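Colleague: If you read the protein sequences in the order shown, they are chains A and B.
Sequential numbering from 85 applies to the first sequence in our numbering.
Sequential numbering from 29 applies to the second sequence in our numbering.
Backbone N, C-alpha and C define an ideal beta-carbon position, used for all residues, glycine too.
Note that the structure is a prediction, hence the values are computed from the model and not measured.
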Amino acid sequence: MTELINSIYIYCTDFTITSANLIGITYEDFNALIFCVIWPLLTIVSLITLFVQIYLRHKKI
Amino acid sequence: MKRLLIYISLFIAPFLLVVCVNELNRPSQLNTINLMGKKVVSINPSRCMKDRCTWFCHNHGCGKTQKPNRCPHKKKNVINTGFVATIYWGILEFNGISNGESNSYQSQSVMNLVILWPLLLLGLLIFNIELFLTRKKKDD
Chain A
85 MTELINSIYI
95 YCTDFTITSA
105 NLIGITYEDF
115 NALIFCVIWP
125 LLTIVSLITL
135 FVQIYLRHKK
145 I
Chain B
29 MKRLLIYISL
39 FIAPFLLVVC
49 VNELNRPSQL
59 NTINLMGKKV
69 VSINPSRCMK
79 DRCTWFCHNH
89 GCGKTQKPNR
99 CPHKKKNVIN
109 TGFVATIYWG
119 ILEFNGISNG
129 ESNSYQSQSV
139 MNLVILWPLL
149 LLGLLIFNIE
159 LFLTRKKKDD
């Protein structure tokens, strides 16, 4: 199991390093862009949209 | 059935992107890195290179900084500064980077950033789509 987790970790880290090189930014910048900007923004937008939809649904009833 | 296929595709798409990027950029000669005392095969090399990021950046950091053990790139950290850097190191701490040699950092990272967070996002997306379609049906 540990070997599998390590393999997934290495494969994903290789993806972030390769993507950073393709875009032309540093590895740390790419990680920060994905995990500190894009994903949190997507999560917040999804949550807001969900709450708005639930509110609208209850308002109509 | 069609909707289920769309949801499965949405789930698979990011993983497919990871595989495509890695496999299209896989060098003819694979590199080896040292992970917790074990030599493992990797796509990127472990040594510091001036023009690109490598595993050295993962292990010691990178960007144009004053720290002596960092890889001295021409590239500079633009996004990972100030408040964003605080969140970034917070996430790494949460995943257990300070545990050092233990395996928990790798397993926590995989669990949180490869499984749980993407599943949460997928769940939210599916819930949003389903709610939207239900509302649309009622309006019609």
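Inspect the beta-carbon positions of residue 78 of chain B and residue 101 of chain B and report whether they are closer than 8 Å.
Modeller: Indexing the second sequence from 1 puts residue 78 of chain B at position 50. Indexing the second sequence from 1 puts residue 101 of chain B at position 73. Yes; because the gap between Cβ atoms is below 8 Å, this pair is in contact.
Colleague: Residue 58 of chain B: which of B/113, B/50, B/33 sits nearest, CA to CA?
Modeller: As a first step, residue 58 of chain B must be located in the second sequence, where it is residue number 30. If we check each option's Cα against that of residue 58 of chain B, B/50 comes out closest.
Colleague: According to DSSP, which residues form a beta bridge with residue 63 of chain B?
Modeller: Here residue 63 of chain B corresponds to residue number 35 of the second sequence, with the count starting at 1. According to DSSP, residue 63 of chain B bridges with B/66.
Colleague: Going along the chain, which residues of its own chain have a beta-carbon closer than 6 Å to the beta-carbon of residue 73 of chain B, five neighbours each way excluded?
Modeller: The residue given as residue 73 of chain B occupies position 45 in the second sequence. Hits under 6 Å: 59, 82.
Colleague: Taking a cut of 7 Å between CB atoms, which residues from the region 89 to 102 of chain A lie near chain B?
Modeller: Residues passing the 7 Å Cβ filter: 89, 90, 92, 93, 94, 95, 96, 97, 98, 99, 101, 102.
Colleague: Taking the CB atoms as reference points, tell me whether residue 112 of chain A and residue 89 of chain B lie closer together than 8 Å.
Modeller: For the purposes of this step, residue 112 of chain A is taken as residue 28 along the first sequence, with counting starting at 1. For the purposes of this step, residue 89 of chain B is taken as residue 61 along the second sequence, with counting starting at 1. Going by C-beta atoms, residue 112 of chain A is nearer than 8 Å to residue 89 of chain B.
Colleague: Using the Cα positions of residue 95 of chain A and residue 69 of chain B, report the straight-line distance between them to the nearest angstrom.
Modeller: Walking along the first sequence from the start, residue 95 of chain A turns up at place 11. Walking along the second sequence from the start, residue 69 of chain B turns up at place 41. Cα to Cα, the separation comes out at about 10 Å.
Colleague: Span of the alpha helix (DSSP H) holding residue 91 of chain A?
Modeller: Stepping through the first sequence from its first residue, residue 91 of chain A is reached at position 7. Looking at the DSSP string, the run of the alpha helix (DSSP H) that includes residue 91 of chain A is 86 to 107.
Colleague: Looking at residue 131 of chain A: is its Cβ nearer than 8 Å to the Cβ of residue 152 of chain B?
Modeller: As a position in the first sequence, residue 131 of chain A is number 47, starting the count at 1. As a position in the second sequence, residue 152 of chain B is number 124, starting the count at 1. Yes, the pair counts as a contact, with Cβ atoms nearer than the cut-off.
Colleague: Please confirm whether residue 17 of chain B and residue 110 of chain A have their CB atoms less than 8 Å apart.
Modeller: Given a span of 29 to 168 for chain B in the structure shown, any question on residue 17 of chain B remains unanswerable.
Colleague: Can the beta-carbon of residue 119 of chain A be found closer than 8 Å to that of residue 104 of chain A?
Modeller: For the purposes of this step, residue 119 of chain A is taken as residue 35 along the first sequence, with counting starting at 1. For the purposes of this step, residue 104 of chain A is taken as residue 20 along the first sequence, with counting starting at 1. Against a cut-off of 8 Å, the Cβ pair of residue 104 of chain A and residue 119 of chain A comes out as no contact.
Colleague: Using a Cβ-Cβ cut-off of less than 9 Å, list which residues of the region 131 to 145 of chain A approach chain B; keep chain order.
Modeller: Listed in sequence order: 131, 133, 134, 137, 138, 140, 141, 144.
Colleague: What are the boundary residues of the alpha helix (DSSP H) that residue 119 of chain B is part of?
Modeller: The sequence position of residue 119 of chain B within the second sequence is 91, counting from 1. Unbroken alpha helix (DSSP H) run through residue 119 of chain B: 110 to 122.
Colleague: Which word fits residue 107 of chain B, buried or exposed, when buried means at least 16 other C-beta atoms lie within 10 angstroms of its C-beta?
Modeller: Taking the first residue of the second sequence as position 1, residue 107 of chain B is located at position 79. Flag for residue 107 of chain B reads buried.
Colleague: Taking the continuous alpha helix (DSSP H) assigned at residue 143 of chain B, which residues delimit it?
Modeller: Taking the second sequence and counting its residues from 1, one reaches residue 143 of chain B at position 115. Run containing residue 143 of chain B: none; DSSP gives neither H nor E here.
Colleague: Please report the distance separating the alpha-carbon of residue 108 of chain A from that of residue 104 of chain B.
Modeller: To locate residue 108 of chain A, count along the first sequence from 1; it is residue 24. To locate residue 104 of chain B, count along the second sequence from 1; it is residue 76. In a straight line, the C-alpha of residue 108 of chain A is about 10 Å away from that of residue 104 of chain B.
Colleague: May I ask whether a heavy atom of the ligand HEM can be found less than 7 Å away from the beta carbon of residue 164 of chain B?
Modeller: You won't find the ligand HEM in this model; it holds no ligand whatsoever.
Colleague: Determine, using beta carbons only, whether residue 76 of chain B and residue 99 of chain B come nearer to each other than 8 Å.
Modeller: Mapped onto the second sequence, residue 76 of chain B falls at position 48. Mapped onto the second sequence, residue 99 of chain B falls at position 71. Yes. Within cutoff.
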